[in-house]
Structure formats: C-alpha cells, structure tokens
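K.L.:
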Amino acid sequence: MNTTEGRVPTSPASPGGARVRIFDTTLRDGEQSPGCSMSPQQKLVMARALDELGVDVIETGFPASSQSDREAAAMIAKELRRPTLCVLSRCLPTDIEASVRALEGAANPRLHLFLSTSPLHREHKLRMSKQQVLDSIAASVAQARALVDDVEFSAEDGIRTERDFLAEACAAAIVNGAGTINVPDTLGYTTPQEIRALFEFLIGTVPGARGVIFSAHCHNDLGMAVANSLAAIEGGARQVECTVNGIGERAGNCAMEELVMALKVRNAWFEADTGIDTQRLLPASQLLTRLIGMPVQRNKAIVGANAFAHESGIHQHGMLRHRGTYEIMRPEDVGWPDSQMVLGRHSGRAAVAHRLRALGYALEDEQLDRVFADFKALCEQQRVIDDGDLEALMHGTDAYEGGRGQGFRLASMTVSDRGQRASAQVELSDPDGKRVSESALGDGPVDALFAALASATGVNLTLESYQVHSVGIGADARGEANLSVRCDDDDGRAYEGTTYEGRGTSRDIIEASALAWLDIANRVLRARRHADADMVAA
Ligand code: KIV
Ligand code: ZN
Numbered sequence: 188m189n190t191t192e193g194r195v196p197t198s199p200a201s202p203g204g205a206r207v208r209i210f211d212t213t214l215r216d217g218e219q220s221p222g223c224s225m226s227p228q229q230k231l232v233m234a235r236a237l238d239e240l241g242v243d244v245i246e247t248g249f250p251a252s253s254q255s256d257r258e259a260a261a262m263i264a265k266e267l268r269r270p271t272l273c274v275l276s277r278c279l280p281t282d283i284e285a286s287v288r289a290l291e292g293a294a295n296p297r298l299h300l301f302l303s304t305s306p307l308h309r310e311h312k313l314r315m316s317k318q319q320v321l322d323s324i325a326a327s328v329a330q331a332r333a334l335v336d337d338v339e340f341s342a343e344d345g346i347r348t349e350r351d352f353l354a355e356a357c358a359a360a361i362v363n364g365a366g367t368i369n370v371p372d373t374l375g376y377t378t379p380q381e382i383r384a385l386f387e388f389l390i391g392t393v394p395g396a397r398g399v400i401f402s403a404h405c406h407n408d409l410g411m412a413v414a415n416s417l418a419a420i421e422g423g424a425r426q427v428e429c430t431v432n433g434i435g436e437r438a439g440n441c442a443m444e445e446l447v448m449a450l451k452v453r454n455a456w457f458e459a460d461t462g463i464d465t466q467r468l469l470p471a472s473q474l475l476t477r478l479i480g481m482p483v484q485r486n487k488a489i490v491g492a493n494a495f496a497h498e499s500g501i502h503q504h505g506m507l508r509h510r511g512t513y514e515i516m517r518p519e520d521v522g523w524p525d526s527q528m529v530l531g532r533h534s535g536r537a538a539v540a541h542r543l544r545a546l547g548y549a550l551e552d553e554q555l556d557r558v559f560a561d562f563k564a565l566c567e568q569q570r571v572i573d574d575g576d577l578e579a580l581m582h583g584t585d586a587y588e589g590g591r592g593q594g595f596r597l598a599s600m601t602v603s604d605r606g607q608r609a610s611a612q613v614e615l616s617d618p619d620g621k622r623v624s625e626s627a628l629g630d631g632p633v634d635a636l637f638a639a640l641a642s643a644t645g646v647n648l649t650l651e652s653y654q655v656h657s658v659g660i661g662a663d664a665r666g667e668a669n670l671s672v673r674c675d676d677d678d679g680r681a682y683e684g685t686t687y688e689g690r691g692t693s694r695d696i697i698e699a700s701a702l703a704w705l706d707i708a709n710r711v712l713r714a715r716r717h718a719d720a721d722m723v724a725a
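Residue numbers (the working numbering): 188 to 725.
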C-alpha cells in the first residue's frame with residue numbers, strides 16, 4: 188500500500204506565510220474522552236465535515252483498541268479521497284498490522300506510532316530503559332515504513348522528557364523513515380516560551396530535522412493548549428494536532444477553531460496560515476455538538492453563542508458606529524450569519540432604536556422615550572428581549588398586557604418516571620384565569636412534561652438546547668433551566684420557525700424547566716395575538 192499520491196505539501200506554500208498543516212484528532216484523542224464517544228457512522232459524518240473544512244490530516248481512530256475504531260477507520264478510508272487519513276498505533280507489530288488493515292484502500296494513508304519517552308513514563312508505565320525505548324522506536328518506525336510511505340512518530344510526554352534524550356528519540360524515528368515528528372504536551376504542562384524554545388532546539392540540533400515536519404500536540408490542562416501550539420509554530424512547528432471544540436482527554440486538546448482564527452486574524456504576527464475554509468468552522472462545531480451531545484460554553488471563542496453577541500449599551504453603541512470597535516474578526520468569516528445585538532438590561536437607547544428600525548418602526552424621540560421606558564421595565568422581569576417582545580411593546584402597554592403576567596401560569600404538576608415511559612400531568616391557569624389540565628407520556632420526565640404543556644397551551648415548540656444548573660449556594664440554591672426552542676406552529680404566521688430563549692428558576696429543576704417552557708409559550712401566544720390583530724387591521 189505504498190503511495191505518495193496526495194501527500195501533505197512539505198514546503199511553505201501560502202500567501203499568508205508558512206503553511207501550517209491541520210491534523211485533526213477529534214475522532215481519536217477527542218472521541219476517547221469521557222462523554223464524547225461516537226459510533227462508526229457518526230465518525231463518518233464528522234469526517235465528511237472535516238474534509239469540507241479542508242483539514243490536511245484526519246486521525247480516524249486507534250484500530251488496535253476496538254472493533255468500533257477499526258470499522259470507523261475502514262468506512263472513512265473507503266469514502267474520503269482528499270485528506271491524509273491517519274490511525275494511531277503503539278510501537279507493537281500487532282498494532283501496526285491492525286492499523287494497516289484498517290487503512291486498506293485509503294488514498295493517502297498515514298501510520299501514527301507513539302511511545303512514551305519521559306523518565307516517569309519510562310519507569311512507571313513502560314518499565315523500559317532509554318536504550319529499549321530507542322530500539323523500539325527504530326524497529327517500529329522501520330516496520331511501519333516498509334508498509335506505508337507516510338509515517339508519523341509521537342514521543343508521548345515529550346515535553347517532560349530530558350531534552351537530549353528527546354532529541355535522540357526524534358533522530359531514531361527520522362533515520363528509520365518517519366516524515367513527521369510530533370512532540371506532544373501530553374499533560375498540558377508546558378508554557379509558550381518553553382515549547383517555542385524546545386521546537387527551536389529540536390529543529391536546530393536533531394540530525395535530519397530539516398527534512399521532516401515537526402508537529403505540536405498540546406493538551407489544555409492549564410488552559411494554554413492554543414497559546415502553546417501557536418508558540419510551537421513560532422519555534423518552527425509546521426503541523427498542529429487539534430480538535431473541533433477543543434474536545435479531548437481531561438481538559439481537552441488545542442481547539443482547532445481558535446488556532447485557525449488566531450493564525451488568520453494575527454497573520455502579520457505569525458506569518459503562517461492554514462488551508463482551512465474558516466466559514467465552515469461553526470457548522471463543524473455545531474455538528475459535533477449534535478453528534479456527541481456536548482454543548483460548548485456560551486463564551487467559547489469563535490463558536491460560543493456569545494462570541495459575536497453584544498448586550499452592553501456602550502458596546503452596542505460602538506458597534507453601531509463601527510463594528511471594529513468591539514470585534515476583531517467578522518462573524519461571517521467563521522460561519523455566523525451576523526453579529527448579534529442582544530437586547531437586555533444593559534442595552535441602551537441606540538440599540539433599541541436600531542432594532543426597532545430594522546423591524547420597520549421609525550420613531551420620533553418622544554415615542555422612543557416611552558418605548559424605551561417600557562423596555563427597561565420589561566428587562567426587570569425578563570433577561571432577554573426578543574423581536575416578539577419589541578413588537579408587543581410597540582402595540583402599546585395595553586396591548587402588551589404588562590409583560591408576561593397575563594399568560595399561562597403553572598398551578599401544579601406531577602411527573603413520574605416509573606413505568607416504561609415517563610408521564611406528566613400539569614394544571615395551568617389560562618390567560619382568563621380558567622384552569623386547564625393535561626397529561627402526556629414521554630421518553631423521560633422532561634419530555635413528558637413539555638408534551639403535557641404543549642397540549643395545555645396549544646403551542647408546539649421544538650427543543651434546540653436545554654441546560655439546567657444551580658444558582659446560589661447552600662440552602663439558598665435554586666435550579667435554573669435555560670431553553671432554546673424553535674416555534675413550529677404550522678399555521679404560516681410570521682413568527683413560525685423563530686428561535687426563542689426562555690429561563691425559569693425554582694428549587695425544583697423540573698419545575699424550573701416548566702417555568703422556562705411557559706416563559707416561551709406565553710411570548711409565542713402574545714406574538715400570535717399581535718399577528719392576528721395586525722391581520723384584522725389590514
Ligand atoms: O497526548 C498524547 O501524547 C497523545 C499521543 C498518543 C499523540 O495523544
Ligand atoms: Zn493527546
């Protein structure tokens with residue numbers, strides 16, 4: 188299966204400076220971490236997205252570790268022809284054979300071998316002497332090179348290895364045919380200055396170093412994986428191993444979206460760039476979130492919901508004048524449709540006026556004063572004010588009905604999860620004060636609860652994200668539920684397909700979830716009433 192077809196270019200070839208190869212290990216180092224496992228089919232779906240992103244190398248798994256990894260690697264090898272496909276092996280003949288079988292038919296196969304080099308790992312994990320480690324590297328790389336042209340060697344825990352011995356280990360791999368030498372910071376222990384100096388040392392002293400690619404693989408235990416990878420590039424690394432959303436062992440790996448955008452935004456500083464289609468970063472991140480069910484935090488760089496959202500009055504005002512005042516990159520460049528002006532307690536008059544203009548309301552100063560005062564009052568009850576709320580405010584305080592006070596209210600609820608399916612029963616008081624009672628079954632208590640609320644209110648919502656966490660401490664602790672839903676009423680009204688966010692708090696998280704759901708349903712119902720009133724007026 189020797190082939191050189193489609194090998195990753197070895198010379199810098201980019202107008203942005205040196206070309207840094209992106210080696211994605213979402214499907215191996217990412218997938219092997221708690222809560223991130225994927226079926227072979229899911230890995231194939233993710234691999235297609237990585238291919239579209241323009242990733243140079245995709246690490247598809249560790250074939251010797253499981254049947255599922257073997258299947259995934261083989262499925263991906265059959266389908267993807269452009270990127271280099273790589274699998275991981277220990278320095279063992281049987282691992283290498285399993286890897287070669289898993290890559291059968293791949294257009295651009297790479298074998299990735301690893302062995303620990305640090306004193307701690309040599310003594311306690313491997314129980315091997317320095318010479319045994321060097322012999323094992325030499326024999327395994329030679330075995331792999333006899334089977335595949337493209338071989339990478341990783342010195343596991345390389346950062347905590349004696350410098351001179353690490354250099355010997357790299358030399359042993361190079362002389363036996365490895366084309367890529369990876370120096371992992373397996374424990375996320377290094378610092379930018381240290382790793383930069385290490386790469387400069389290795390590239391400057393290891394025999395044959397100038398003819399191979401040096402690669403960084405940084406973990407995030409001290410929150411420095413991206414900074415360390417960038418510093419390794421400054422030290423001469425021309426491949427970075429990273430994962431989408433930074434998933435990976437413990438605190439994760441270097442986050443691809445952050446590294447790629449740092450190189451793009453600060454290109455003049457780093458004089459290096461990647462081949463990634465950055466507009467596909469957000470879709471890839473969101474796909475991974477859906478596949479593994481692990482959302483990124485709101486304030487995550489590049490792909491978090493707050494990454495291009497502005498709520499404070501001063502920032503919104505600046506953004507409306509010139510987006511460069513508070514943004515260093517364009518949201519469109521990473522896949523977001525636009526920046527988001529979140530209207531809430533911290534927003535100013537300028538942002539409210541701007542949003543109202545976008546909704547078609549050009550207000551005189553006096554009118555705006557009135558609406559802005561109502562807006563501020565509503566912010567005391569509600570964290571985020573969406574377009575539906577603004578529409579309600581524009582229909583005047585009578586039509587607005589005092590915020591959410593007049594909607595459905597929760598009178599009582601019972602949820603049980605004992606039988607094969609969970610069941611929920613809710614009693615609400617409707618906007619006229621009448622009691623409505625409904626029950627429903629569901630796949631879990633929350634699913635049953637939301638189904639019962641949907642029948643009681645007549646509002647159909649599709650859950651996009653659901654998060655609960657505790658606020659406060661000790662005896663004062665309360666559960667807060669945050670929902671993001673799509674309104675899927677199919678009656679063709681304007682708000683159909685709109686995404687709403689709602690929040691509820693209670694001592695009981697199931698009740699908090701019901702309150703968050705009703706918060707949204709009441710807003711949908713208000714929008715419905717205004718849409719009906721507008722139709723009658725027209
Ligand atoms: O972190 C690490 O050392 C690794 C190697 C197996 C490359 O993931
Ligand atoms: Zn790792």
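Glycine included, each C-beta is placed from N, C-alpha and C at the ideal position. Since the model is a prediction, treat every value here as computed from it, not as a measurement.
I need the DSSP call for H404, collapsed to helix, strand or coil.
P.N.:
Locating residue 404 in the sequence shown gives position 217, counting from the first residue. In this structure, H404 counts as strand in the three-state DSSP scheme.
K.L.:
Can you tell me which residues form a DSSP beta bridge with F301?
P.N.:
If you number the sequence shown from 1, residue 301 lands on position 114. Paired residue(s): R277, S341.
K.L.:
Taking contact to mean at least 3 C-beta pairs separated by less than 8 Å, is the stretch 330-343 in contact with the stretch 367-375?
P.N.:
In short, these stretches touch, since the Cβ pair count reaches three.
K.L.:
Put P632 into one of helix, strand or coil per three-state DSSP.
P.N.:
Locating residue 632 in the sequence shown gives position 445, where the first residue counts as 1. Residue state, collapsed to three classes: helix.
K.L.:
Checking contacts by CB at 9 Å: is Q568 closer than that to chain D?
P.N.:
In summary, chain D is missing from the structure at hand, where a single protein chain is found.
K.L.:
What runs of the alpha helix (DSSP H), each 4 residues or longer, lie entirely inside the stretch 511-545?
P.N.:
With a minimum length of 4 residues, the continuous alpha helix (DSSP H) runs that stay inside the stretch 511-545 are 536-545.
K.L.:
Which same chain residues, not among the five before or five after A641, have their C-beta less than 6 Å away from its C-beta?
P.N.:
Sequence index remark: in the sequence shown, residue 641 carries index 454 (1-based). Cβ neighbours of A641 beyond the five flanking positions: N647.
K.L.:
Sorry if obvious, but does the Cβ on E218 come closer than 8 Å to a heavy atom of the ligand KIV?
P.N.:
Taking the first residue of the sequence shown as 1, we reach residue 218 at position 31. Answer for E218: no, Cβ out of range of the ligand KIV.
K.L.:
Using the DSSP secondary-structure output, state which residues sit across from M600 in a beta bridge.
P.N.:
For this step, residue 600 is matched to residue 413 along the sequence shown. According to DSSP, which records beta bridges pairwise, M600 is partnered with V613.
K.L.:
Three-state secondary structure (DSSP) at N189?
P.N.:
Looking up residue 189 in the sequence shown gives position 2. Residue confidence for N189 is low, a pLDDT of 42 falling below 50, so the modelled location carries little weight; the figure read from the coordinates is stated next. Coil at N189, not helix or strand.
K.L.:
Is it the case that the CB of L546 approaches a heavy atom of the ligand KIV more closely than 8 Å?
P.N.:
Residue mapping note: residue 546 aligns to position 359 of the sequence shown, counting from 1. Result no, Cβ not under 8 Å from the ligand KIV.
K.L.:
Should the stretch 517-536 be regarded as contacting the stretch 490-503, the criterion being three or more beta carbon pairs within less than 8 Å?
P.N.:
Contact between the stretch 517-536 and the stretch 490-503 is present, because at least three Cβ pairs lie under 8 Å.
K.L.:
Alpha carbon to alpha carbon, what distance is there between T644 and L705?
P.N.:
Locating residue 705 in the sequence shown gives position 518, where the first residue counts as 1. Locating residue 644 in the sequence shown gives position 457, where the first residue counts as 1. Looking at the two C-alpha atoms, the distance is approximately 9 Å.
K.L.:
Quick one, which of R208, V672, R309 has its alpha-carbon nearest Y653's?
P.N.:
Within the sequence shown, numbered from 1, the residue matching residue 653 stands at position 466. For Y653, the nearest C-alpha among the options comes from V672.
K.L.:
Is N432 near the ligand KIV, judged by its Cβ being under 8 Å from some heavy atom?
P.N.:
The count along the sequence shown starts at 1 and reaches residue 432 at position 245. Incorrect: N432 has no Cβ contact closer than 8 Å to the ligand KIV.
K.L.:
Taking only heavy atoms of the ligand KIV into account, decide whether any of them is closer than 8 Å to the Cβ of L307.
P.N.:
Indexing the sequence shown from 1 puts residue 307 at position 120. False, no ligand heavy atom lies under 8 Å from that Cβ.
K.L.:
Taking 8 Å as the cut-off, is the CB of L353 close to at least one heavy atom of the ligand KIV?
P.N.:
Position 166 of the sequence shown, counting from 1, holds the residue named residue 353. No.
K.L.:
Tell me the rounded alpha-carbon separation between N415 and R467.
P.N.:
Along the sequence shown, read from residue 1 onward, the residue named residue 415 stands at position 228. Along the sequence shown, read from residue 1 onward, the residue named residue 467 stands at position 280. C-alpha separation (whole angstroms): 24 Å.
K.L.:
Let's see if you can read the secondary structure: which residues bound the beta strand (DSSP E) around A668?
P.N.:
Taking the first residue of the sequence shown as 1, we reach residue 668 at position 481. Looking at the DSSP string, the run of the beta strand (DSSP E) that includes A668 is 665-674.
K.L.:
Out of G689, A714, D719, R694, point me to the one whose CA is closest to I707's CA.
P.N.:
Working through the sequence shown from its first residue, we reach residue 707 at position 520. That would be G689, whose Cα lies nearest to the Cα of I707.
K.L.:
Straight-line CA distance for P632 to A611?
P.N.:
Numbered from 1 along the sequence shown, position 445 holds the residue referred to as residue 632. Numbered from 1 along the sequence shown, position 424 holds the residue referred to as residue 611. So the alpha carbons of these two residues sit roughly 7 Å apart.
K.L.:
Report whether the distance from the Cβ of L385 to the nearest heavy atom of the ligand KIV is below 8 Å.
P.N.:
Numbered from 1 along the sequence shown, position 198 holds the residue referred to as residue 385. No, since every heavy atom of the ligand KIV falls outside the 8 Å radius drawn around the Cβ of L385.
K.L.:
Kindly indicate which residue of S323, F637, L650, A703 has the alpha-carbon position closest to the one of A668.
P.N.:
Position 481 of the sequence shown, counting from 1, holds the residue named residue 668. Answer by Cα proximity: A703.
K.L.:
Kindly indicate which residue of S327, V328, A329, S303 has the alpha-carbon position closest to the one of K317.
P.N.:
Locating residue 317 in the sequence shown gives position 130, counting from the first residue. When each option's Cα is compared against that of K317, the closest is S303.
K.L.:
T692 by DSSP, collapsed to three states: which one?
P.N.:
Counting from 1 along the sequence shown, the entry for residue 692 is found at position 505. In the structure shown, T692 sits in a strand (DSSP, three-state: E or B).
K.L.:
Taking the alpha carbon of R715 as the reference point, which residue from D576, A356, S327, V244 has its own alpha carbon closest?
P.N.:
Numbered from 1 along the sequence shown, position 528 holds the residue referred to as residue 715. Here the closest residue by C-alpha is D576.
K.L.:
Short check: CB of F559 to CB of A579, under 9 Å?
P.N.:
In the sequence shown, counting from the first residue as 1, residue 559 sits at position 372. In the sequence shown, counting from the first residue as 1, residue 579 sits at position 392. Result no, Cβ atoms of F559 and A579 do not sit closer than 9 Å.
K.L.:
When you measure from the CB of N369 to every non-hydrogen atom of the ligand KIV, does any distance come out below 8 Å?
P.N.:
Taking the first residue of the sequence shown as position 1, residue 369 is located at position 182. Under cutoff, so the answer is yes.
K.L.:
Could you tell me if H656 is buried or exposed, where buried requires 16 or more neighbouring beta carbons within 10 angstroms of its beta carbon?
P.N.:
If you number the sequence shown from 1, residue 656 lands on position 469. It is exposed - the Cβ of H656 has fewer than 16 other Cβ atoms within 10 Å.
K.L.:
Select from I420, F210, E266, L237 the residue whose C-alpha is nearest the C-alpha of N454.
P.N.:
As a working note, residue 454 is residue 267 in the sequence shown. For N454, the nearest C-alpha among the options comes from I420.
K.L.:
Measuring only the C-alpha atoms, how far is P196 from F249?
P.N.:
Position 9 of the sequence shown, counted from the first residue, corresponds to residue 196. Position 62 of the sequence shown, counted from the first residue, corresponds to residue 249. Legend: pLDDT at P196 = 41, less than 50; position of this residue unreliable, value from coordinates given subsequently. Those two C-alpha atoms are separated by around 25 Å.
K.L.:
Which one of A449, D464, F457, E444 has the shortest CA to CA distance from V490?
P.N.:
Position 303 of the sequence shown, counted from the start, is the residue given in the question as residue 490. If we check each option's Cα against that of V490, E444 comes out closest.
K.L.:
Starting from the Cα of P470, find the closest Cα among R437, P518, Q426, Q568 and give me that residue.
P.N.:
Taking the sequence shown and counting its residues from 1, the one referred to as residue 470 is at position 283. Answer by Cα proximity: P518.
K.L.:
Sorted by chain position, which residues of the same chain lie with C-beta nearer than 6 Å to T213's C-beta, five sequence neighbours on each side aside?
P.N.:
Counting from one through the sequence shown, the residue named residue 213 turns up at place 26. Around T213: T430, V431.
K.L.:
Report all residues from its chain with a CB closer than 6 Å to the CB of S700; omit the five preceding and five following residues, and keep chain order.
P.N.:
Stepping through the sequence shown from its first residue, residue 700 is reached at position 513. Within the same chain, S700 has close Cβ partners V633, A668.
K.L.:
By a C-beta neighbour count over all protein chains shown, 10 Å radius and 16 as the cutoff for buried, is L307 buried or exposed?
P.N.:
Indexing the sequence shown from 1 puts residue 307 at position 120. So L307 counts as exposed.
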